Amino acid sequence: MFERPALSAPSAGRFATIDALRGVAAIAVMLFHLDPAARLAVPGGYLAVDLFFALSGFVIAHSYAARLTAGIGFGTFMRLRIARLWPMLALGAMLGIVLHGGHAGLLFLLPHPLSPSMLYPANPPYWSLLLEMAAYAVLALAWGRIGARGLATSILASAAILVWFASGPDKLLSFGAEWGVLLPGLARLGFAFGTGVALYHWRKHGPRRRATSIAWALPLGFVTICALVTQDNLPGLLVILFVVPALTWLATCWEVPQTRAAAILGGLSYPLYCIHLPLLVWATAAGFQTAMLVALPFLALWLDRAVDAPARRALKRLLLGTREAGPVERPA
1 MFERPALSAP SAGRFATIDA LRGVAAIAVM LFHLDPAARL AVPGGYLAVD LFFALSGFVI
61 AHSYAARLTA GIGFGTFMRL RIARLWPMLA LGAMLGIVLH GGHAGLLFLL PHPLSPSMLY
121 PANPPYWSLL LEMAAYAVLA LAWGRIGARG LATSILASAA ILVWFASGPD KLLSFGAEWG
181 VLLPGLARLG FAFGTGVALY HWRKHGPRRR ATSIAWALPL GFVTICALVT QDNLPGLLVI
241 LFVVPALTWL ATCWEVPQTR AAAILGGLSY PLYCIHLPLL VWATAAGFQT AMLVALPFLA
301 LWLDRAVDAP ARRALKRLLL GTREAGPVER PA
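With full-length UniProt numbering applied, the sequence shown corresponds to residues 1 to 332, in that order.
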């Protein structure tokens, strides 16, 4: 979900617009978790998760295609992904445990076994990280085995399941976050992540990328959609099925020229996603929600640079050894 290729010229095969999209999407998720009556609330911010899944499918395929084709071991691949995600995941889990009485299993993405509804009541967005890890495992096992037809079949089947459940009484925004709608949550993952992988394969034969300021219309357009869309199932379903794939494709074709600004947005996205809700709920109860809203992006950016990068490097060496660890991966 939060893999980010390093930034450089478009010809180098790196994607600044994806960074910008991820940063804006993480902010949209944060604003989604405000009280619906709040002035800055973004009712469609939950759709950022589907965008994260699609971008992740594309970028993971882009980053690991050669190694997966060469036969990187399943265990090595999964340890790389754990090293990438766990430091900030653990920090967000500790905040949930300390501030809201979460269970210790949260540190290892274990859902709360006694929760009657939500998988992670102390930090609800973690459901998407659990499903993301499942997507990594399937990708590593299926790479080079199912082919284009199998990938297309899985995407279409996921879309059909998603449409079926969205036509029922359950809210699309809760798909995946609660035990009772875990299956349609898996369909959200299967459609978006699978679409991202498919777009990677199509992108290899697509037009050359070009730097253009028009690319900023993608993150700005997405957050505008999230701000305007209602929480009825049909608008959200249309965004997932059509807007998210289109944004992902265009983000691989158009590069924002301001790569430093894109890097800042990309850097803060994953820490912000992990820590925002426990801190926001705590600050709201204590009466300083606005101050926390302002502080959270800056805190997330500092965590990315000062904490997450060295922690990932250390964990990578621990899990894979110094020789295998290589350079630290950059966050999204």
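Just so you know, even glycine gets a beta-carbon here, dropped at the ideal spot from N, CA and C.
Just so it is clear, the structure is predicted and the values come from calculations on it, not from any experiment.
### Message
Between the alpha carbons of Phe298 and Ala283, how many angstroms are there, rounded?
### Response
16 Å
#### Entry: CB contact below 8 Å: Leu34 versus chain C
Looking at the structure shown, chain C is missing, and only one protein chain is on hand.
### Query
Cα separation between Ala314 and Val29?
29 Å
### Query
If you draw a straight line from the alpha carbon of Arg14 to that of Ile264, how long is it in whole angstroms?
15 Å
### Message
Tell me which residue opens and which closes the alpha helix (DSSP H) that Leu173 is part of.
### Response
Element bounds for Leu173: n/a, residue is neither H nor E.
### Query
Looking only at C-alpha atoms, which of Ser117, Gly190, Ala93, Pro184 sits nearest to Pro138?
Reading off the sequence, residue 138 comes out as Val, not Pro. Cα-wise, what sits closest to Val138 is Gly190.
### Query
Does the distance from the C-beta atom of Leu119 to that of Glu178 stay below 8 Å?
yes
### Message
Going by beta-carbon coordinates alone, are Ala187 and Ser154 separated by less than 8 Å?
### Response
no
### Query
Taking Phe288 as the reference, which of Leu34, Ala70, Val24 has the closest Cα?
Leu34
### Message
DSSP has Trp164 in a bridge; who is on the other side?
### Response
Answer is none; Trp164 lacks a bridge partner.
### Message
Between which residues of its own chain and Leu173 is the CB-CB distance below 8 Å, once the five residues before and five after are set aside?
### Response
Tyr46, Gln231, Gly236
### Message
Bridge partners for Met118 per DSSP, in chain order?
### Response
Glu178
### Message
Among the candidates Tyr273, Phe77, Gly321, Ala251, whose CA atom is the shortest distance from the CA of Leu91?
### Response
Tyr273
### Task
Kindly give me the distance between the Cβ atoms of Val256 and Ala20, rounded to whole angstroms, as I take these residues to be in contact under 8 Å.
5 Å
### Task
Would you list, in sequence order, the uninterrupted alpha helix (DSSP H) runs of no fewer than 4 residues that lie entirely inside the stretch 218-304?
233-238, 244-251, 259-286, 289-303
### Task
On a CA-only basis, which of Gly266, Arg317, Leu234 is nearest Gly44? Give me that one, please.
Leu234
### Query
For Val239, which residues of its own chain have a beta-carbon under 8 Å away from its beta-carbon, when the five flanking residues on both sides are left out?
Gly44, Leu47, Asp50, Ile225, Val229
### Message
Rounding to the nearest angstrom, what Cα-Cα distance links Ala70 and Ala160 in this structure?
### Response
33 Å
### Query
From what residue to what residue does the alpha helix (DSSP H) around Trp127 run?
126-142
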